[in-house]
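Protein chains in written order, with our numbering: chain X, 75 to 235; chain C, 2 to 662.
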Amino acid sequence: MIQRLFLALLLGLSLLAGPALAVAPDEVLDDPVLESRARALSSELRCMVCQNQSIDDSDAPLAKDLRILVRERLVAGDSDEQVVDYLVSRYGEFVLLKPRFAWHTIVLWAAGPVALIAGLIAIGAALRKRARNRSASTDTSASTLTADEERRLQALLDKTD
Amino acid sequence: MIVEFGHYALVLAFALTLVQSVLPIWGALQKDDRLMAVAPPVSVMLFVLILLSFIVLTGAYLNSDFSVLNVVENSHSAKPLLYKFTGVWGNHEGSMLLWVLILVFFGALVGVFGGNLPADLRAVTLSVQAWVSAGFILFLLATSNPFTRIVNPPLEGADLNPILQDIGLAIHPPLLYVGYVGFSITFSFAVAALILGRIDAAWARWVRPWTLLAWCFLTLGIAMGSYWAYYELGWGGWWFWDPVENASFMPWLAGTALLHSAIVMEKREALKVWTVLLAIFTFSLSLLGTFLVRSGVLTSVHAFATDPARGVFILGLLCIFIGGSLSLYAWRAPMLKQGGLFAPISREGGLVLNNLFLTAACAAVFVGTLYPLVLDAVTGEKISVGAPFFNLTFGPLMVPLLLAVPFGPVLSWKRADLGAACQRLYAAFGLALLLTLVTYWAWGMDKVLAPLGVGLAVWVMAGAISEIVTRVKFFEIGFKRGFARLVGLPGSAWGAAIAHFGIGLTVLGIVTASAFQEERVLTMRPGDTVELAGYQMTFEGAAPRRGPNYTEEVGHFSIRQGGALVAELDPSKRIYTARQMPTTEAGIYTTGFSQVYLSLGEGRGDGAVDVRVYFKPLITLIWIGCVIMSLGAVFSIADRRLRVGAPKPARKRQQSMAAAE
Chain X
75 MIQRLFLALL LGLSLLAGPA LAVAPDEVLD DPVLESRARA LSSELRCMVC QNQSIDDSDA
135 PLAKDLRILV RERLVAGDSD EQVVDYLVSR YGEFVLLKPR FAWHTIVLWA AGPVALIAGL
195 IAIGAALRKR ARNRSASTDT SASTLTADEE RRLQALLDKT D
Chain C
2 MIVEFGHYAL VLAFALTLVQ SVLPIWGALQ KDDRLMAVAP PVSVMLFVLI LLSFIVLTGA
62 YLNSDFSVLN VVENSHSAKP LLYKFTGVWG NHEGSMLLWV LILVFFGALV GVFGGNLPAD
122 LRAVTLSVQA WVSAGFILFL LATSNPFTRI VNPPLEGADL NPILQDIGLA IHPPLLYVGY
182 VGFSITFSFA VAALILGRID AAWARWVRPW TLLAWCFLTL GIAMGSYWAY YELGWGGWWF
242 WDPVENASFM PWLAGTALLH SAIVMEKREA LKVWTVLLAI FTFSLSLLGT FLVRSGVLTS
302 VHAFATDPAR GVFILGLLCI FIGGSLSLYA WRAPMLKQGG LFAPISREGG LVLNNLFLTA
362 ACAAVFVGTL YPLVLDAVTG EKISVGAPFF NLTFGPLMVP LLLAVPFGPV LSWKRADLGA
422 ACQRLYAAFG LALLLTLVTY WAWGMDKVLA PLGVGLAVWV MAGAISEIVT RVKFFEIGFK
482 RGFARLVGLP GSAWGAAIAH FGIGLTVLGI VTASAFQEER VLTMRPGDTV ELAGYQMTFE
542 GAAPRRGPNY TEEVGHFSIR QGGALVAELD PSKRIYTARQ MPTTEAGIYT TGFSQVYLSL
602 GEGRGDGAVD VRVYFKPLIT LIWIGCVIMS LGAVFSIADR RLRVGAPKPA RKRQQSMAAA
662 E
């Protein structure tokens, strides 16, 4: 939702829909277990006419319809997966805020772990290279400053504040 | 006339940036002191010119000059004075002008206070800063001119977007921009170092304070934005993993890594090449954030198409600056000499680990933010990447990082003894374990992860405290001498401990507010009472009210605890007249660090109204923690040793520092 703030701020656009509250009291199911499952599912489903908002957060009419639909399916005895499958078959994968793990999302899911592992390998390689260099040469603290810079640095260090 | 003067100042500033872009760097390469001496006065003049044009635009807003298109589109004569002022940056053109103002302000700071820098480094840095400034001033002039006049001025403006008519707009964007743009200085320093082909001691000393400064403001800016969204938007969320939020979060992650690697570079001369790369990445991510937000690629393809010029222009700038700096890096970085050696288990090693996890987390956020765009462009497949994805991928990367936080400061440089470090953290570990068990005992086993989260947060906080306590050695040398050592600790040690404590607080707030939140959604009639988390909330009735540029329906609620009245809340639903746009204003009662959050929904006729009530335990810690993190940065900047020019330490101080380390 902060996106709305920013976009409005930066692009000077009007908002698509005014904020209000999402789940209305008349939608709430009597069975608390089913209702909590409905809420959990709702928070992972996208309101397709909104900007990156779950149907649990959105007050758009479409989100309301989807919330009611989710609850109807749950009351009819669907499992969580069945509800999600049903919605995906109807609206496409766009409705999922957490994409399924598949070939076209493998880069997405792997990015974090791969970056971590690649980083570890790079660090390991750097350490090994370092250790080799160290045995090759003991001169590690050589000054990289020219004589002129040395003098200037000394002048800086001598300057008291 | 005055408006044209502002426009003229902007054009003049552009011409000056071209001068600045060429002469000082040419002087540095030719070793011509006269050419290099051009840089400082021009950097100040640039700031003066942009400031003038910013003042002119502000004047147009304050006078409601409706002959200026930008004012017509974003202001209204009945708007309260504060919002006329903040409205200057409440739109694309004005906020871009603020962006440029901060950019040249930082340039001027280097010009004025950079007297201690080697002349060529200062000259080249200011030239690089001028390249960036030139690009963005040209962007303003070519595609987003805030001074455009209209032929037939209307009598009234279109008003500022109501959501932005809030004190948040006065604070949030300026803080965020100082953070974003502040990283431009480290970027310019890094590019200058690459051009000159050396990283000397002065370079290392300069980078860290600038990074800290930018990071401090970015942290505050993000926290402020989060709190603003929380109270303004009406359902109590505070972070949405929204692409535009991610756009500000990625530079924060990279900047956090940068300020840690800068420590290693400053102290041990190691990680130079990596630090230069991080400095480039951090500002590149800031630029990318600007591009994502401005071009409209994130909202929809349609928004992009309505003004392709802007998007394409920024994309061009992005390619030039990021591509250029990375090519330069690839070419010059191998020439930079690597410094100090260290064992894997050492303070340096700990900081490398920090960088590894922060960078991986940043990569995960980066891919998550851009993947849907790329996939859509390449295959046409549309997917959504939202909060559940980021919680699953980002969260696990943060856990090991947070576990490692207390170890960092207790490890010694070069080569450390892990066993000794663990000994210093026994107390912190014990406390964390105890509080985890207490949380399990209090809440039962139905929330398995939340108590572990609480334990993790306590571990980070207690680790920060024990770091200070063990450094001072209260137990060994007695309280009085210990206190003297406490005062004598260097600012950077305090800064690190305070910032780490702050991150622990934020984590605690996040865990408790998400896991232990209580919520009720119901329809209430006047006189109805609802009970939540020990508070009785009575709906007393609703009444219409008229504000300066809106009308609202205000619900009146009394909050009682054990029969005694503790607060009265007036959440409301507003309609802003000029744009006919509704907003909700939540009613928030803060008790300790927790909050009761009340917002109104649809009216149901005969006085009944939908109400959503939350109890959010310890939620304010999320933002308090961020403020404390920034405070840590302030302590660190204030450290004498970090000051540019490296004053000679007083003898006594030198001793206490040596003793403390």
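Backbone N, C-alpha and C fix where the C-beta goes; we use that ideal spot for every residue, glycine too.
Going by DSSP, name the residue or residues bridged to glycine 542/C. His557/C
Same chain, Cβ closer than 7 Å to leucine 352/C, five either side skipped, listed in chain order: His261, Ser262, Ile264, Val265 and Gly409
Looking only at its own chain, which residues have a Cβ that is under 7 Å from the Cβ of serine 116/X, when we skip the five neighbours before and after it? Ser128, Ile129, Asp130, Arg141 and Val144
How would you label tryptophan 240/C, buried or exposed, when you count the other beta carbons within 10 angstroms and need 16 or more for buried? buried
For a contact meaning CB atoms closer than 8 Å, what does leucine 173/X contact in chain C? Correcting the residue type first, residue 173/X is proline in the shown sequence and not leucine. Neighbours of proline 173/X on chain C, chain order: Ile384, Ser385, Val386 and Phe390.
Using 8 Å as the cut-off, can you tell me whether the segment 206 to 215 of chain C makes contact with the segment 178 to 192 of chain C, which would need three or more C-beta pairs spanning the two stretches below that distance? yes
Min CB distance arginine 120/X to chain C below 7 Å: yes
Quick check on DSSP: helix, strand or coil for glutamine 562/C? strand
Can you tell which of Lys481/C, Phe367/C, Pro407/C and Asp377/C has the C-alpha that lies nearest to the C-alpha of phenylalanine 391/C? Phe367/C
Thinking just about the alpha-carbon of each residue, which of Thr276/C, Leu141/C and Trp414/C is nearest to the one in arginine 348/C? Among Thr276/C, Leu141/C and Trp414/C, the Cα nearest to that of arginine 348/C belongs to Trp414/C.
Who are the neighbours of valine 181/X on chain C, taking C-beta pairs under 8 Å? Val368 and Tyr372
Just to confirm my understanding: we take phenylalanine 616/C, look at its own chain, exclude 5 residues before and 5 after, and list those with CB closer than 6 Å. What are they? Glu519, Leu533, Ala534 and Val597, listed in sequence order.
Anything in chain X within Cβ reach of alanine 224/C, meaning under 8 Å, just list it in chain order. Those within 8 Å of alanine 224/C in chain X number zero; the least Cβ separation is about 12 Å.
What residue does the alpha helix (DSSP H) around leucine 434/C start on, and which one ends it? 427 to 444
To which residues of the same chain is threonine 214/X closer than 6 Å at the C-beta, ignoring the five residues directly before and after it? In this prediction, threonine 214/X has a pLDDT of 45, which is less than 50 and means its spatial position is unreliable; nothing more can be read from the coordinates.
In angstroms, rounded to a whole number, what distance separates the CA positions of serine 301/C and aspartate 33/C? At serine 301/C the pLDDT is 40, less than 50, meaning the model places this residue with poor confidence and gives no usable figure here.
Report yes if the C-beta distance between glycine 169/C and tryptophan 100/C is below 7 Å; otherwise report no. Cβ atoms of glycine 169/C and tryptophan 100/C: not closer than 7 Å.
Please decide whether alanine 364/C counts as near chain X, where near means a Cβ-Cβ distance under 7 Å. yes
Going by Cα to Cα distance, which pick from Gly158/C, Phe188/C, Pro210/C and Gly112/C is closest to serine 637/C? Pro210/C
Complete alpha helix (DSSP H) runs within the segment 242 to 302 of chain C (minimum length 4 residues, chain order): 244 to 269 and 273 to 296
DSSP three-state label for methionine 46/C, please. helix
CA-CA distance, serine 22/C and alanine 10/C? 18 Å
Alpha carbon to alpha carbon, what distance is there between glycine 387/C and phenylalanine 175/X? Between phenylalanine 175/X and glycine 387/C, the C-alpha separation is close to 14 Å.
Using alpha carbons as the reference points, say which of Trp132/C, Ile384/C, Trp624/C and Gly548/C lies closest to phenylalanine 15/C. Trp132/C
Could you tell me the distance, in whole angstroms, from the CA atom of tyrosine 427/C to the CA atom of tryptophan 460/C? It is roughly 10 Å from the alpha-carbon of tyrosine 427/C to the alpha-carbon of tryptophan 460/C.
Can you check DSSP and say which residues form a bridge with serine 600/C? Arg613/C
Can you tell me which of the three DSSP states glycine 606/C falls into? Reduced to three states, the DSSP call for glycine 606/C is strand.
State yes or no: is the beta carbon of alanine 451/C nearer than 7 Å to at least one beta carbon in chain X? no
Beta-carbon of phenylalanine 305/C versus every beta-carbon of chain X: anything under 7 Å? Reliability of the predicted coordinates at phenylalanine 305/C is poor, the pLDDT of 39 falling under 50, and the value obtained from them is presented with this limitation in mind. Closer than 7 Å: no.
Would you call the segment 486 to 503 of chain C and the segment 605 to 616 of chain C touching, i.e. three or more CB-CB distances under 8 Å? no
Is methionine 582/C helix, strand or coil when you go by DSSP? If DSSP states are grouped into helix, strand and coil, methionine 582/C belongs with the strands.
What's the C-alpha gap between glycine 95/C and leucine 393/C? 38 Å
With a threshold of 16 other CB atoms inside 10 Å of the CB of phenylalanine 148/C, please say whether the residue is buried or exposed. buried
Please classify arginine 295/C: is it buried, with 16 or more other beta-carbons within 10 angstroms of its beta-carbon, or exposed? Buried, by the Cβ-count rule.
Euclidean distance between Cα positions of phenylalanine 114/C and isoleucine 51/C: 20 Å
Under three-state DSSP, which class holds isoleucine 589/C? strand
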